[in-house]
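Structure record follows, encoded as structure tokens.
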Amino acid sequence: MPYYLTTRHFWLLKLCQAPTKDVVLVGNSRVYLGLSPLHMAKTCGNPSIFNFGFVACSLNRRYLEHAASLLDPNSPNPTLVLGLCPHLLFKPGGNNGYNFWASQELPERRNLLRQIWRDNFSGKAFIKTNARNLLNLSRGLPLNLYYADGWEASLPVRKPSDRYIRVGARLAQNKQVNPRMVDELLEVTSEFHQRGITVLAYRPPSAAHLCELEENSSGLDFEDFVQRFQQAGGRWLHIDPRGYQTYDGAHMDFRNAARLSQEIGKVLSRYYR
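Just so we're on the same page, the numbering used here is the position in the sequence shown counted from 1, plus 791.
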């Protein structure tokens, strides 16, 4: 797969995947920025891992079933890894990235790959990557690089503003987790478990202030959820949400993402070694 992907090709490629994966990573920007399939696979015997995270998505049945459809039916242990934060269980908003891209007219996978190769051969993808990062620099945003395995590697070059913490705090204070979405997630988890799909979940790292707001104001009782999740057949990964450094309160640069990926990979190693 070519090294450079345009923004459009990155998201379309996520939706044009064959069912050949052993592990699919699921969640919002904390997942697609925070988990590298490559670094994860190196620590657990190199299974096929794909990052199916999207901007501001929801853990509803449609999205979860789509993620599960990417799993190889012949995999020795088909697995979903969910990065769970309260935002994923709010009533869906208009900026749901999965809904947006899934509503587009999708090309055939071979045609999309052919276009990606053409753009790399012509230099167009390289030019667009540089233009995107120059624009990010002008706006004080991190540099980024898209990978064909669904990971977006991020490198902040300036001290970011606290905008995300402020937005996250406002969401946590003004919106509440939808109990129906919690019930649906647990129901789907139970169904996947019965189908032989392992469902793991963890809480993505975030700043202490944001963690406290999510725990006290979002309406999600984490301890109760973890208990119900495990009763449904899921397995909770006890990763310290304050144990990794974020650059804006909720998102990690590529170094911290690689380290977290390796930690989760060590858990997966018991299935794929």
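All residues carry an ideal CB built from backbone N, CA and C; glycine is no exception.
Using 10 angstroms around the beta-carbon of residue i, count the other beta-carbons present and answer buried if the total reaches 16, otherwise exposed.
i     : result
G818  : buried
N842  : buried
P1080 : Nothing can be reported for residue 1080: it is not among the residues displayed for the chain, which extend from 792 to 1064.
H878  : buried
V872  : buried
N851  : buried
Y823  : buried
P970  : exposed
K812  : buried
G1056 : buried
T798  : exposed
Shortest alpha-carbon distance to residue i belongs to which of the options?
i     : options                    : result
I988  : A859, V948, F845 and A939  : A859
S820  : A916, R799 and G941        : G941
K950  : H800, Y1038 and P810       : Y1038
R909  : L796, Q985 and Y889        : L796
M972  : R799, L855, G844 and T834  : L855
L925  : N886, P947 and N1007       : P947
L880  : N886, C848, V1058 and R901 : C848
F1016 : F891, C876 and C1002       : C876
Y1062 : S839, T798 and H800        : S839
H800  : L1011, K919 and R1046      : K919
Per DSSP, residue i forms a beta bridge with which residues?
i    : result
F841 : V815
N935 : S945
Any heavy atom of the ligand FAD closer than 7 Å to the CB of residue i?
i    : result
L816 : What this structure holds is no ligand at all, so the ligand FAD is not there to describe.
Using 8 Å as the threshold, is the segment 1030–1040 in touch with the segment 992–999, meaning 3 or more CB pairs across them?
-> yes
Segment contact, 8 Å Cβ cut-off, at least three pairs: the segment 830–839 with the segment 1050–1059 = yes
Curious, which full-length alpha helix (DSSP H) runs of at least 4 residues does the segment 844–889 contain?
-> 852–859
Ranges of the beta strand (DSSP E) found wholly within the segment 970–1055, counting only runs of at least 3 | 989–993
Taking one C-beta from the segment 1022–1029 and one from the segment 975–991 each time, how about it: are there three or more such pairs within less than 8 Å?
-> A contact exists between the segment 1022–1029 and the segment 975–991.
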